[in-house]
Every structure is written in structure tokens, then in C-alpha cells.
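Here's the structure we're looking at; comments come further down.
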Amino acid sequence: MFYNVYMDRNIYTTAIVGGGAAGLFLATQLQGKTVLFERGERLGRKLSATGNGQGNVTNLSASKKDYFSFSDDGKIETVLKTFPAQSCTEALERLGLLLIADERGRVYPAGRQASALTDALRFQVANQGVETRLHTRVTGFEKVDGVFRIQTDDGECFARNLVLCTGGKAAKNFGTDGTAYALATAHGHTLTGLYPSLVQLKTETKHTKTLKGIRVADAGVQAAWREKGKTYTQSLLGDIIFTDYGVSGDAVFRLSAFLVDKENAELSVDFLPNYTQERIFAALQAKKENFPNIAVGELLCGMVNNQIARAVMKRADGDLFTAAKLVKAFTLPITGSLGFDYAQVTKGGVRMDEVDENLQSRFVKGLYFAGEILDVDGQCGGFNLQWAYASASTVARALNGEDRGHVCV
């Protein structure tokens, strides 16, 4: 029946939808005849912007603890262990890249250009003879007689296997606006809640209106939230920038991964992590004694940024003990985020318990998923790209094993 119906068709072994990190990496790993669909004008646009353009390609410490999921049933750990960061760096170096790692395990191209990674993947895709169709949106598909009939805005395509690497809902300027989820939900899959992650946070601004534009380097920042009756915290050192809507900066992006799906969450900023509250209080008392005519609002100046000093003293209503306490724990209730347009990644997606150990759909044989479309998101620092590569590698191994010996072209 298969050959009678499709004998005059150009049938691909695998069709990949999405030319981002997962789709590109997958295309470099596949055997058989492959076609790659990308709705944008070029491959790897978002990939070329990673790491603030420096190309943070993975993280050497990546493990299950660095990832979040509402529906994982153990597969995230298996995927990451099967294709760890070391395997990723080896695969990328085989493409001609030289890589370096920093003290936090973040791996970059030696030239600190994200485009170097994109170019290496695109070159390998072309070198393998993968057919690339740009400016092409996949609008739907059906499976007939073991073959996927794929509808695009430029006609039809036929493939034995179909992999959705369409990304999530974050950063729609790169073409990931969430509309591609419909390709999965039309065939029985369901989505978890979707949230913007690795994003700037909105906070109450009552006490920070005078701080817009101020950056505090190496602040101690703690996130706190309640879940199922318990209080959880996450702390780190990093930069924080005050804005008219709330806060931004490295520390905020990293902590947002823990907070964007939580209610009643707050940040607490330690402006002087190298000093104790007692030491700060003693310094304030001494300054008040040595300079009895100084305005109370100026007592903290010279210890922290002057505008922060005045904001703290105003919030403390001039009380020195309260001011010292606020320097160590300047709390900011979180009211939201800047949303998907500003987020780097999507929290949530196609449920992990609806795919098997090869990331194949439990509802449609031959339909696979890789990358951000799945309900997996990582912390900031190369973890999300490691998931893209690891999940793509899992799919590639499954497809290469199934197709070996009976590739239909």
C-alpha cells in the first residue's frame, strides 16, 4: 500500500520543523534523507544571540538539578546522562570549534562569538546534504499508511518521521511565538502551564522609585516563595539593576527560573554581602557620633551607593538598626515579569509523560520532540542549550537505529 500510494512522491526519511539549536543539531546527527523547515529567513537566529552574543553553548556541570518540569517522570535525567556536556563539547569540536569554559562551567566558542556555533552547525547541515526550506511555515500534518503528509504554506511534503523542534513561546522576534504548539495539540498532546523564564521581574516600586538605572555588582540576592505550605529559598551572588518596573540584571535572570510560576514570591537584596548586619550597624552608630550634624538620610552614604543609601534610610524612617537590617535584606515583593517578549526561554510545554524514552509521541508513532517545545527548562548559563542538544541526540539515536537497513527514499 505504501509504494502504491506514494511511489511518485519524494519521501524523506525525516522532516524537522524548526531551525533553532535543537533542529540544527538534530540535522547534523541524522542518517537518511532529511528536510529542515524554518519559518524565518535564516537558521539559528536565536542561537546566534545566546550568551549576550558570546555564545554560551553549554555548561559542564549540567545535571537534573539544573532543570525544571511540571510533568517529568524521570526522562530528563536519562537524556542528560546519555548525552552529557562532555559529549556535547566533543561533538561541537568535531565541527571545527574551539571551546573554552569559565569558572561557572559555562562553555563558549574561543572567539566569544555565538555566530561561530551557528555557522558550524549550518555548514555541517549543508555538508550532509540536508534540504533546508527557509521562509516555510508548517501548518499541519496527518499520517497516512505510515507516512507523514506535511502541509506547509508552500505546498506538501512527505516523510517517514517527523520531529518538532519549534521552540516555545519566548522571544517571538526570533519566530517562537507559541503558535507551533498547535501542531502537537492537534494530535492529542496537552500542554502544561506556560510561563516566561530567564526574564526581568516586576516588583513593588514604592521604595525604589529613585533607584532607576542603578546597578549593584556582586549583590547577594535571595528568592523566596511558598509552595505546598513550605517556604523555599534560592540565593546567589550577581548583578542587579533597578528599573522603573522592578529589577533586571544577571542575578534576576538566574533567579527568575525559580519564581515566574510562583505566587507570593519576593526578592531580598543584600547590598553588602561581605559585611555583617552588626558591623554595618556599628559603622552607622560611629558615623552618627563622629558627625552629629549630618542629616540622618546621609548616614549610609559612602557605605553603599548614595542613592541606595538615601532610599534605605527613608524606608527605615531614620532608624539605624532598621537601616542596617535593610542593607542586608532589602525586600521586594514580586508582582510579575516582563513577559514572553523579553524572556529567553519558556517554562512548560508538551508534557514529558506523553512521550517515551526516545522522546517519541505516545499517541503518534514516528512523531518526536526535541528542545524547548517540551516541558523542560533550565537555569541560566548554558543549561537550556544543553537540553536542546541532548534531546536532539536522543531523537537522532532512535531514528538512526530504526531507519538503519531500510531507509525509504
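All letters in the sequence shown, in the order written, are residues 740 to 1148 by the numbering used here.
Backbone N, C-alpha and C fix where the C-beta goes; we use that ideal spot for every residue, glycine too.
Since this is a predicted model, take the numbers as computed values, not measurements.
Using a C-beta cut-off of 8 angstroms, the stretch 784 to 795 makes no contact with the stretch 1107 to 1116, since fewer than three inter-stretch Cβ pairs fall below that distance. Annotation: isoleucine 953 is outside any alpha helix (DSSP H) and is labelled neither H nor E by DSSP. When Asn1003, Ser974, Ser1007 and Asp1000 are compared, the shortest CA-CA separation from arginine 993 is found for Ser974. Every unbroken stretch of the beta strand (DSSP E) spanning 3 or more residues and falling wholly within the stretch 984 to 1023 is given here in chain order: 985 to 987 and 1005 to 1009. Excluding sequence positions up to five before and after glutamine 1083, its CB lies within less than 8 angstroms of the CB of Ala909, Ala910, Ser936, Leu937, Val938, Phe992, Cys1119 and Asn1123, all in the same chain and listed in chain order.
With fewer than three CB-CB distances shorter than 8 angstroms, the stretch 1030 to 1050 does not count as touching the stretch 1096 to 1109. Tyrosine 1128 has no beta-bridge partner at all, per DSSP. Non-local C-beta neighbours of leucine 765 in its own chain, meaning closer than 7 angstroms and more than five positions away in sequence, comprise Ile755, Val902, Cys904, Ala1109, Ala1131, Val1134 and Ala1135, ordered along the chain. For isoleucine 1047, the enclosing alpha helix (DSSP H) stretches over residues 1045 to 1054.
Burial is judged here by how many other beta carbons sit within 10 angstroms of a residue's own beta carbon; phenylalanine 897 has at least 16 and is buried. Scanning Ala855, Leu799 and His874 for the CA closest to the CA of glutamate 842 turns up Leu799.
Under the Cβ criterion (8 angstroms, minimum of three pairs), the stretch 1089 to 1098 does not count as touching the stretch 879 to 891. With a cut-off of 8 angstroms on Cβ pairs, the stretch 1056 to 1074 is in contact with the stretch 988 to 1008, counting three or more such pairs. With contacts defined by Cβ atoms closer than 7 angstroms, aspartate 892 and aspartate 1092 do not form a contacting pair. With respect to the C-alpha of glycine 759, the residue from Phe1020, Thr871 and Lys820 having the closest C-alpha is Thr871. In the assembly as shown, tyrosine 971 is an exposed residue. Its beta-carbon has fewer than 16 other beta-carbons within 10 Å. Excluding five sequence positions before and after glycine 1087, the CB atoms of its chain that fall closer than 7 angstroms to its own CB belong to Phe809, Leu930, Thr931, Gly932, Leu933, Tyr934 and Asp1114, given in chain order.
Tyrosine 1107: member of the beta strand (DSSP E) spanning 1106 to 1108, first to last residue. Looking at Asp884, Arg845, Phe1020 and Tyr1081, the one whose alpha-carbon comes closest to that of threonine 1061 is Phe1020.
Counting C-beta pairs closer than 8 angstroms gives three or more between the stretch 848 to 865 and the stretch 830 to 837, which meets the contact rule. If you draw a straight line from the Cα of threonine 773 to the Cα of glycine 914, it is about 22 angstroms long. In this structure, DSSP gives tyrosine 920 a helical state, which the three-state scheme calls helix. In this structure leucine 786 is buried. Its beta-carbon is surrounded by 16 or more other beta-carbon atoms within 10 angstroms. When rounded, the separation of the alpha-carbon atoms in proline 1012 and arginine 1018 is 11 angstroms. For glutamine 863, the CB contacts under 6 angstroms within the same chain, skipping 5 residues up- and downstream, are Thr767 and Leu834 in chain order. Phenylalanine 897 has Ile750 and Arg888 as its beta-bridge partners, per DSSP. For the pair valine 955 and threonine 982, the Cα-to-Cα distance works out to about 12 angstroms.
Isoleucine 839 counts as exposed, since fewer than 16 other C-beta atoms from the protein chains shown sit within 10 angstroms of its C-beta.
The residues Asp1080, in chain order, have a CB closer than 8 angstroms to that of asparagine 912 in the same chain once the five nearest residues on each side in sequence are set aside. Assignment of threonine 972 by DSSP, reduced to helix, strand and coil, places it in the strand class. Looking at the DSSP output, phenylalanine 981 shares a beta bridge with Val986. When rounded, the separation of the alpha-carbon atoms in leucine 763 and glycine 868 is 13 angstroms. With a cutoff of 7 angstroms on beta-carbon distance, glutamine 1016 and alanine 1063 are scored as near each other. Residue range 838 to 840 is occupied by the beta strand (DSSP E) that includes alanine 840, with no alpha helix (DSSP H) assigned at that position.
Going by beta carbons, histidine 928 and valine 1089 fall inside the 7 angstroms limit.
Its Cα nearest to that of alanine 996, the residue Gly1078 stands out among Ala958, Leu1106 and Gly1078.
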